[in-house]
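Protein chains in written order, with our numbering: chain A, 1080 to 1570; chain B, 1080 to 1570. Only one structure is covered here, and it is reproduced in the block below.
There are 2 protein chains.
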Amino acid sequence: MRAALRNPAKDFVRYYLRSGVLARHAAALAGALLASAAGAASLPDSESVATQLRDAAMAGHDIAYNWVSELTTRFGPRPAGFDNEHAAADWAAGRLKALGFANVRIEPFPITAWRRGSESAQLLTPISQPLVIAALGESPPTPPQGVEAEVALFPTLEALKQAAPGSLSGKIAMITQRMVRAQDGAGYVAAVPGRVDGPHEAALRGASAFLLRSVGTDDHRIAHTGTTRYHEGRVEIPAFALSNPDADQIERLAARGESVRVRLLSTASYVQGAHSQNVIAEVPGRERPQEVVLLGAHLDSWDQGTGAIDDGTGTAIIVAAAKLIHDLPQRPRRTVRVVLFGSEEIAQPQPPGGAFGGHAYAERHKAELADHVLTGESDLGTDRIYEVALPKAVLGGEFAQRVLRVLTPIGVLLAARPPEDAGTDVGPSVEAGVPAFLLSQDAMRYFDIHHTADDTLDKVDRPQLGQNVAAWAALTWLAADSTVDFRAAPP
Amino acid sequence: MRAALRNPAKDFVRYYLRSGVLARHAAALAGALLASAAGAASLPDSESVATQLRDAAMAGHDIAYNWVSELTTRFGPRPAGFDNEHAAADWAAGRLKALGFANVRIEPFPITAWRRGSESAQLLTPISQPLVIAALGESPPTPPQGVEAEVALFPTLEALKQAAPGSLSGKIAMITQRMVRAQDGAGYVAAVPGRVDGPHEAALRGASAFLLRSVGTDDHRIAHTGTTRYHEGRVEIPAFALSNPDADQIERLAARGESVRVRLLSTASYVQGAHSQNVIAEVPGRERPQEVVLLGAHLDSWDQGTGAIDDGTGTAIIVAAAKLIHDLPQRPRRTVRVVLFGSEEIAQPQPPGGAFGGHAYAERHKAELADHVLTGESDLGTDRIYEVALPKAVLGGEFAQRVLRVLTPIGVLLAARPPEDAGTDVGPSVEAGVPAFLLSQDAMRYFDIHHTADDTLDKVDRPQLGQNVAAWAALTWLAADSTVDFRAAPP
């Protein structure tokens, strides 16, 4: 996922069961539910199918894991606009056809790509020590000899903004804010503005480069990259994330009253005229094929890891959920469309400046968006879903109750509010009026790994991946097999 | 710690209490012990002092943590023979004097140093992906254009040794053995021969370079360096450790039947005519000052981390233990000597080839070794001590019972056997006949961090560090304040 973060609301009811007991609870609760449903009146057919989909996914299947394993093993890092991303898209389209999906196609769009070069950092005074850094996405190179300067520390972006114009001339500005671990990722929302806007604010005040304590919750010598923002078509100064232990070291030295000097080097570059692509596949609806439930995730990744949890598992979850629906004896009423977006991670020098895959989709499919009945995006890793947020139109109604009956047994609560932010890729479609749902993943572990070299296949938790597929398959089926108007005003 | 590993014996009684309950147990058991002792005959005065030392350390003090914090913050990485190591030794000597120790001195000795250069690795086929590697210590540079070749995989060093002469010509040999996590570090003992002897065995069969799955238990994109062995004064081919996820990726690609080609680059170099040093300090004995209880740890570190747990905490533990003894109203009967060894991590091209600091000490102090009554070394991190091993001469006697009475309340068991290996630094003295004890640390977490860039101050667990100081202070006192002959045949 990029800077946008889904549902930082803090007032929902928390789910305290340990994920380790979910499976047993699921079995027990599912049994009780079925028994009570059987004892009561007729179980709605559509709900029964959703329950079957859920249980099939929970029982374990290999679609999702095999997808993310092959994607990361065969194509490795997939930075937008480069060969690995293109090859992964070709492979994905082929695999979607082989899985039986309809209307599989690749939709290319132009981008400016960004290539990490050689990069290094060295503490020069008061001691000599190599530092672990990662250039921020879209950050320009340093001069060939590097940037060497004293570091000026700021606890937050707000504190940096208080510095007087010119006061950082000849210095490297550094924001030391530490990301807070939180289940809903609220700590990311709080810290990420430093990454997005810090370089520009530092440049405005004369800084020659920018350093940021990684927006990440781990304690490893691995830096968390991520995009920064273009201003008038450029990022003004070289910008880097430092690993948490390296930021600690600089803070301790500064606290001793030492002047801390650092040398930074990067040969990053831009590639004009590159392209990325969205990959699309469908399970056509049996009654209202023009009505679309849109599932999104992104196929590109940052360049240092292999994009296993960001967002290989997201693509695996929506593909596996749609495949389980595809394999049913009966198709849903509406079409289920899977979009594997390209170029989610990197910003663009020209407006709209955001995730280009999502914009490219919303632009190209503008005429169809009025018939997009619901959309959701999976882009917060591989860990269990603990909450579902639904559009305001259906909160408190029968559809929400049905969702709850199917998802509560696998540990999913109903959010009291609709989603505040549905995700980067589907965002432009949502802005164009498409209603959104959100299946919130537990983000406690996600930001240890997010945007780092550590984002590799071994981090994928298979039981939790299965629970994600279960929730996505069941909810997608319920929405696609219904005639509910998610746009309507609430009852 | 280097290749040598203390006490891989597997038959001792295991301590199952979680460390979190140690403090409560300590208080309860200590109370019971004191009550029963008071109700019985006279408590030996020396044992009472040991109990006080133990409790003072367990109650928390800042000596050890401040030591390792200042050492790692001010001097960072301390590779043997370079400025940071020399400066750290000067600082340590000054600090030991300031703490009140007697006979503080620095004893330099010549070494050949090894300097990591630029290094990189790239997967070339079947996909393009940067790999995370670390040159093994003493490994020669590659040619300037790097080494580019197909990788030949071997599950173990033994399997590599089965390869025919010449069969690896034009290839890069790789050992894929995965280190097993074990409390006593036995997994390290099983895997490390691949690192120490793998490059030589690969070179004998014509390989152009050597790769090793890191000897480490973590799953991060961080490689574990460590020394390899010189043969006839040189390491024949460039040798590198791969991070565990990178080794996984190569194994998965090979399992798909793909030919895996890699490019390796290193500009490592040797520095002839360098020097390292041992730093010595004492608490002189009141009755038998010529008799020495020798406590060892090492001040040098690998170059990518800051040597916090290898072996900053070891030096902190023995200094803090000796300082608590120094601060008592009465000195012990025998002298307590602290040695902070230099150049423990790197091998030397000429015999003795081992840890040069330990050899330099044993050589220089040869005439005193007959009066070294007991020695021990702290070099397995910062986590709690769960077992004490004593020389055969005192097993089953009153001294062992006294040790057990003092250490059992803080979670330390008595090993059934004497130490098999007392450590790299005190090893040469032990070979010369000095009896050794071993305070075994819980190594479950140690090899996640060992020999990596991740070895930084934030990994130090203060409560467990305090428990180490408690055990070292109490045992050292009991040995130094006694007249026990640890060399004598058992009763």
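Virtual Cβ for every residue (Gly too), placed ideally from N, Cα, C.
message = I want to verify the contact list: residues of chain B whose CB lies under 7 angstroms from the CB of I1078 (chain A), in sequence order.
response = The structure shown does not extend to residue 1078 (chain A), since chain A spans only 1080 to 1570, so no value can be given for it.
query = What first and last residue would you give for the beta strand (DSSP E) that runs through L1210 (chain A)?
reply = Q1208 to L1210
Touch test, the segment 1343-1358 of chain B against the segment 1186-1200 of chain B, Cβ-Cβ under 8 angstroms, three pairs minimum = yes
request  = Pick out whichever of B:G1460, B:T1385, B:D1504 and B:A1214 has its Cα sitting closest to the Cα of Y1440 (chain B).
outcome  = B:D1504
query = Counting pairs of Cβ atoms below 8 angstroms between the segment 1528-1542 of chain A and the segment 1480-1500 of chain A, do you hit three or more?
reply = no
key: Straight-line gap, H1104 (chain B) to V1491 (chain B) (C-alpha atoms, nearest Å)   = For H1104 (chain B), the predicted model reports a pLDDT of 39, less than 50, meaning its position is unreliable and no value from the coordinates is stated.
ask   = Roughly how many angstroms separate the alpha carbons of V1548 (chain A) and I1301 (chain A), rounded to a whole number?
value = 30 angstroms
key: Within 9 angstroms, strictly: CB atoms of T1531 (chain A) and H1377 (chain A)   = no
task = Run down chain B in chain order and give the residues with a C-beta less than 7 angstroms from the C-beta of R1571 (chain A).
result = The question about residue 1571 (chain A) has no answer, for chain A in this structure spans 1080 to 1570.
request  = Have a look at the DSSP bridge pairing and note the partners of H1377 (chain B).
outcome  = B:F1420
inquiry  = Give me the residue from A:V1226, A:T1221 and A:S1246 with the minimum Cα distance to F1233 (chain A).
reply    = A:S1246
key: D1162 (chain B), buried or exposed, once every other Cβ within 10 Å from all chains shown has been counted against 16   = exposed
task = Starting from the beta carbon of N1163 (chain B), find every residue of chain A whose beta carbon is closer than 9 angstroms, and list them in chain order.
result = I1206, S1207 and Q1208
ask   = Applying the criterion that 16 or more other CB atoms from any shown protein chain within 10 Å of the CB defines a buried residue, is W1556 (chain B) buried or exposed?
value = buried
ask   = Mind listing which residues of the segment 1284-1304 of chain A have their C-beta closer than 9 angstroms to chain B's C-betas, in chain order?
value = D1297, D1298, H1299, R1300 and I1301
request  = Report the residues of the segment 1319-1342 of chain A with a CB closer than 7 angstroms to any CB of chain B, ordered along the chain.
outcome  = P1324, D1327, Q1328, R1331 and L1332
query = For the beta strand (DSSP E) that contains S1519 (chain B), what are its first and last residues?
reply = L1517 to Q1520
ask   = With 9 angstroms set as the bound, which would you pick, yes or no: does the beta-carbon of A1353 (chain A) sit closer than that to a beta-carbon of chain B?
value = no
inquiry  = Can you confirm whether R1097 (chain A), when its beta carbon is compared against all beta carbons of chain B, has any partner nearer than 9 angstroms?
reply    = With a pLDDT of only 27 at R1097 (chain A), under the threshold of 50, the placement of this residue in the model should not be trusted, and no figure is reported.
ask   = When DSSP labels each residue in this structure, what does A1231 (chain B) get in the three-state scheme?
value = strand
ask   = Taking just the CA atoms, how far does R1413 (chain B) sit from A1399 (chain B)?
value = 18 angstroms
Beta-ladder partner(s) of P1187 (chain A), from DSSP = A:Q1356
message = Between T1221 (chain A) and chain B, is any beta-carbon pair separated by less than 9 angstroms?
response = no
Identity of the residue in A:L1373, A:D1382 and A:R1340 nearest A1347 (chain A) by Cα = A:D1382
request  = For M1523 (chain A), I'd like the list of residues in its chain whose CB is within less than 7 angstroms of its CB, leaving aside the five on either flank, ordered along the chain.
outcome  = R1260 and Q1262
task = Compare the C-alpha of S1519 (chain A) against each of A:A1468, A:A1449 and A:I1489 and name the closest.
result = A:A1468
request  = Answer with buried or exposed for L1101 (chain A), where buried requires no fewer than 16 other C-beta atoms within 10 angstroms of its C-beta.
outcome  = Bear in mind that a pLDDT of 38 at L1101 (chain A), under 50, signals an unreliable position, so the model cannot answer this.
key: Distance between S1561 (chain A) and G1476 (chain A) (C-alpha atoms, nearest Å)   = 13 angstroms
request  = Label S1121 (chain A) either buried or exposed according to how many other C-beta atoms from any shown protein chain fall within 10 Å of its C-beta, with 16 as the threshold for buried.
outcome  = In this predicted model, S1121 (chain A) has a pLDDT of only 45, less than 50, meaning its place in the structure is not dependable enough to derive any value.
message = Across the segment 1138-1157 of chain A and the segment 1308-1321 of chain A, are there enough close Cβ pairs to call them in contact, namely three or more that are closer than 8 angstroms?
response = no
inquiry  = Just to make sure I have the definition right: I need the residues of chain A whose C-beta is within less than 7 angstroms of the C-beta of D1379 (chain B). Which are they?
reply    = Result: empty, since nearest Cβ-Cβ is about 15 angstroms, beyond 7 angstroms.
inquiry  = Please list, in chain order, the residues of the segment 1536-1547 of chain A that have any C-beta partner in chain B closer than 9 angstroms.
reply    = L1536, D1537 and K1538
request  = Establish whether the CB of S1148 (chain A) and some CB of chain B are separated by less than 9 angstroms.
outcome  = yes
inquiry  = Distance cutoff 9 angstroms, beta carbons only. Does A1200 (chain B) sit that close to anything in chain A?
reply    = no
request  = Can you pull the chain B residues whose beta carbon is under 7 angstroms from the beta carbon of A1532 (chain A), in chain order?
outcome  = V1211 and R1300
inquiry  = Check this for me: beta carbons of A1360 (chain A) and N1145 (chain A), under 9 angstroms apart or not?
reply    = no
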